[in-house]
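In this note's numbering, each number is its position in the sequence shown, counted from 1, plus 20. Backbone N, C-alpha and C define an ideal beta-carbon position, used for all residues, glycine too. This one's a predicted model, so the numbers in the text were calculated from it and none came from an experiment. Report on the following structure.
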Amino acid sequence: MAVLKVARMGHPILRLVAAPVDDPNSQQIQRLVEDMKETLEDAGGIGLAAPQVHVSLRVVIYGIPGERMAAEKEGEPGVPLTVLINPRIEPIGDEKDVGPEACLSVPGLMGLVPRWRSIRLRAFDGAGRPFEREVSGFHARVVQHECDHLDGILYPQRMTDLAALSFVEEARRFSVEVAED
Ligand code: NI
Numbered sequence: 021m022a023v024l025k026v027a028r029m030g031h032p033i034l035r036l037v038a039a040p041v042d043d044p045n046s047q048q049i050q051r052l053v054e055d056m057k058e059t060l061e062d063a064g065g066i067g068l069a070a071p072q073v074h075v076s077l078r079v080v081i082y083g084i085p086g087e088r089m090a091a092e093k094e095g096e097p098g099v100p101l102t103v104l105i106n107p108r109i110e111p112i113g114d115e116k117d118v119g120p121e122a123c124l125s126v127p128g129l130m131g132l133v134p135r136w137r138s139i140r141l142r143a144f145d146g147a148g149r150p151f152e153r154e155v156s157g158f159h160a161r162v163v164q165h166e167c168d169h170l171d172g173i174l175y176p177q178r179m180t181d182l183a184a185l186s187f188v189e190e191a192r193r194f195s196v197e198v199a200e201d
């Protein structure tokens, strides 16, 4: 296992549409997922997409601490570390919420981003099994943020008001809620 270098905004790999994974059970993918887990743990974020570690494949990992979920909705449990291979998402309904996001590829900044409130998620898990689930709220936000990385999109491109882009330090000073994605 290895901690991988995280690409930052401006690196062309972050703008590519990543290729689908042919075999989720291959050694190459299993090793990539293990390295991504170690990288995410080292960086201390919520989610990581393969293009962020310079691998242009449709692989995402994320996990949401219980405190972060409870901050949104009391009693809401956290999400254990989840692997998404070749994920596909579609909105449920047409409601969007604007909320704070940050990104390991855009260090030091945060912004307010509109996202679908609820989505249907289809993917293969880390063991190569297909699954489908509906997620909403902050969980849906994280999934949309990470899946955007697979299409070469960073959260500032989703912002409708760039006046809501700030340094995390300043946002903390002025008490804007910050999500560490
Ligand atoms: Ni990100």
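| Item | Value |
| --- | --- |
| Leu124 Cβ short of 7 Å to the ligand NI heavy atom set | yes |
| Neighbourhood of Glu152 by C-beta, 6 Å cutoff - its chain only, sequence neighbours within 5 removed | Arg142 |
| Boundaries of the alpha helix (DSSP H) in which Thr59 is found, first to last residue | 47-63 |
| Contacts around Gly146, its chain only, beta-carbon distance under 7 Å, and the 5 residues preceding and following it disregarded | Val53, Val103 |
| Cβ contact check for the region 163-172 and the region 54-71: 3 or more pairs under 8 Å | yes |
| Span separating the alpha-carbon of Asp42 from that of Ser195 | 45 Å |
| 3-residue-minimum beta strand (DSSP E) runs that sit fully inside the region 125-179, ordered along the chain | 129-136, 138-144, 150-156 |
| Residue nearest to Val163 in terms of C-alpha spacing, selected from Glu94, Val73, Asn106, Pro40 | Asn106 |
| Unbroken beta strand (DSSP E) run spanning Glu121, endpoints | 116-121 |
| 8 Å Cβ cutoff met for Leu132 and Pro120 | yes |
| Residues of its chain near Pro111, where Cβ-Cβ distance is below 6 Å and the 5 sequence neighbours each way are ignored | Trp136, Ile139 |
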